[in-house]
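These notes concern the structure reproduced below.
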Amino acid sequence: MLEIRQQYTFYGILLYVASTIFVLYLAMGQPEVEIWNGLFWMIQLFVCVNAVAKSFLQEGRGRMLYFYSIAGAKDFLLAKLLFNALLMIVMTLASWLLFQLLLGNAVQNALKFVAIACFGGFGLSLVFTFLSAVAARAQQNAAIMAILGFPLIIPQLLLLMKLSNIAFSDIIQGSLLQIILFLAALDLLIIILAVILFPFLWKD
Amino acid sequence: MLRKAWWKVLAVAMLFYTFIGGFLGGVPEKPILNESIRNLYFHVAMWFGMMVLFTVSVIYSIRYLVTNKPLDDHYAIEYSNSGILLGVLGLITGSIWANFTWGSPWSNDPKQLGSAIALLIYFAYIVLRNSITDLDKRARIGAVYNIFAFAMLFPTIWILPRLAESLHPGGMGNPGFNQKDIDGRMRIVFWLGAVPGWTLLAVWITTLRLRVKIIEEKRSEHA
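If you read the protein sequences in the order shown, they are chains X and Y. First residue of the first sequence? That's 26 in the working numbering, and the numbers climb one at a time after it. First residue of the second sequence? That's 47 in the working numbering, and the numbers climb one at a time after it.
Structure below.
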């Protein structure tokens, strides 16, 4: 999609991830485990806003019309969701590697953490893809994006932080499965709502 | 239907009952809470009313997407406006209550945070609407966001607080308050007076605002 046509945006986001984490490294050094976790998710949030939000905001009017003529609203949205989810997972892996390199290896159970991070990145990308479709219709859309997105994403982010804490220690929490199921249900709900509601945004 | 007077009279009667029954009626003696338990009639009832109004607002948003009548959109925005009003009042009454029982008005409790987030989501709804100039587009995108936000609201105020430790009563089961803390006398005033009373009052405010809005619109059409 947009990123394949404009490859510089992809590298741009990658560079954004790298420089943000480098600045973080200069500012914080090697932080404690909890701070490490919090910082990681905050970076994820900002990367997501920057990477995924572009998907609708930067599409020109003419191109939207072109997509409208060749594909149905549902297929278009599902393609966007899938692509952004993949993009976000790549970004998650990239920022995880950089965190490992610069901010120290705080994670005890790397596999678990990567799995949770990818799962979280997937969820974040779903919400922001849909919101960018909403925000693309409004003026000053970059600011609107943040206003709409941040309150909506807080619950999900809190749960993810809680969830990823398990990768830092061996303690197993009882409510773990519950949180995972809940997040998965939330992702499913977002996809269903997006598919139902997107055609209304699309007609113009 | 909504122009009939009987439910307005009922609302006033219920609120009088809430004030009289609430301030003079008997309450169970509880440590720490003491007489401040009477705030239940105001604080908790606000949140019940807010949920009712937000639900009505979402129903009108769905109806708008189906029918495309501007009137449905007016209903949706005005009901969520009144819902926000109740939410803000709920937060204020809660802070006053917390000042007496927890020692400070704001203590970053998961439930306080959850309700603050819920209000932020709805403030974003208003900002989003105002940022779109085209009336038809505003209504449609507003409706889409309203439905989406409502779906995301549920985890924030119904599920998330149950997973976290909290100072707020009602840890297990109902997230709002603990049924065991109140006795029969309070239950009658709460369910028959406070909850329906405040909700009906808010509906009344909404219908008045709606009528003003519709009249204004008619005037601007003629002008």
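Using N, Cα and C, we set each Cβ at its ideal position, and we do this for glycine too. Remember, it's a predicted structure, so these values are computed and weren't measured experimentally.
Check                                                                                                                                                                                                                   : Outcome
Under the rule that 16 or more other beta-carbon atoms within 10 Å means buried, what is Y/His89, buried or exposed?                                                                                                    : buried
Determine, for X/Ala163, whether the minimum Cβ-Cβ distance to residues of chain Y falls below 8 Å.                                                                                                                     : yes
Report yes if the CB atom of Y/Ala195 is closer than 8 Å to the CB atom of X/Leu218, and no otherwise.                                                                                                                  : no
Whether or not the region 108-116 of chain X and the region 143-158 of chain X are in contact is what I'm after, with contact meaning three or more pairs of Cβ atoms, one per stretch, closer than 8 Å; do they touch? : yes
Indicate whether at least one CB of chain X lies closer than 8 Å to the CB of Y/Val190.                                                                                                                                 : yes
Give a yes or no on whether the minimum CB-CB distance between Y/Pro116 and chain X is below 8 Å.                                                                                                                       : no
Given 8 Å as the limit, is there contact between the region 173-192 of chain Y and the region 181-191 of chain X, that is, 3 or more CB pairs closer than that?                                                         : no
Quick check on the burial criterion: 16 or more other C-beta atoms within 10 angstroms. Buried or exposed for X/Asn130?                                                                                                 : exposed
So which residues on chain Y does X/Leu151 lean against when the C-beta distance must stay under 9 Å?                                                                                                                   : Result: empty, since nearest Cβ-Cβ is about 11 Å, beyond 9 Å.
Do the region 115-128 of chain Y and the region 61-68 of chain Y touch if we need at least three Cβ pairs shorter than 8 Å?                                                                                             : no
Near X/Phe71, what residues of its chain come up, given a Cβ to Cβ distance below 8 Å and the 5 sequence neighbours on each side ignored?                                                                               : Thr45
Of the residues Y/Glu262, Y/Val249, Y/Phe236, Y/Trp250, which one's Cα is nearest the Cα of Y/Ala91?                                                                                                                    : Y/Phe236
Indicate whether at least one CB of chain Y lies closer than 8 Å to the CB of X/Ile169.                                                                                                                                 : yes
Could you name the residues of the region 78-98 of chain Y whose beta carbon sits closer than 7 Å to any beta carbon of chain X, in the order they occur along the chain?                                               : none
So for Y/Lys50, helix, strand or coil by DSSP?                                                                                                                                                                          : coil
Could you name each continuous beta strand (DSSP E) segment of 3 residues or more that falls completely within the region 63-146 of chain X, going from the start of the chain to the end?                              : none
Please classify X/Glu57: does DSSP put it in a helix, a strand, or coil?                                                                                                                                                : coil
Helix, strand or coil: which one does DSSP assign to Y/Pro151?                                                                                                                                                          : coil
Any idea what DSSP makes of Y/Ser103, helix, strand or coil?                                                                                                                                                            : helix
Compute the beta-carbon to beta-carbon distance between Y/Thr147 and Y/Ser82, rounded to the nearest angstrom, for a pair I have assumed lies under 8 Å.                                                                : 6 Å
Give me, in chain order, the residues of the same chain whose beta-carbon lies closer than 6 Å to that of Y/Ala59; leave out the 5 immediate sequence neighbours on both sides.                                         : none
To the nearest angstrom, how far is the alpha carbon of X/Ile215 from that of X/Cys73?                                                                                                                                  : 16 Å
Is Y/Asp182 helix, strand or coil by DSSP?                                                                                                                                                                              : helix
Indicate whether at least one CB of chain X lies closer than 8 Å to the CB of Y/Arg270.                                                                                                                                 : Because chain Y here runs from 47 to 269, residue 270 of chain Y falls outside it and cannot be looked at.
How would you label Y/Thr22, buried or exposed, when you count the other beta carbons within 10 angstroms and need 16 or more for buried?                                                                               : Only positions 47 to 269 of chain Y appear in this structure, which leaves residue 22 of chain Y out of reach.
In the DSSP assignment, find the alpha helix (DSSP H) that holds X/Trp227 and state where it starts and stops.                                                                                                          : 201-227
Select from the region 170-186 of chain Y all residues with a C-beta closer than 8 Å to any C-beta belonging to chain X, and list them in chain order.                                                                  : Ala170, Val173, Leu174, Ser177, Ile178, Thr179, Lys183, Arg186
Please state whether the Cβ-Cβ distance between X/Thr154 and X/Lys79 is less than 8 Å.                                                                                                                                  : no
Taking the Cβ atom as the reference point for each residue, do X/Phe225 and Y/Arg184 lie within a distance shorter than 8 Å?                                                                                            : no
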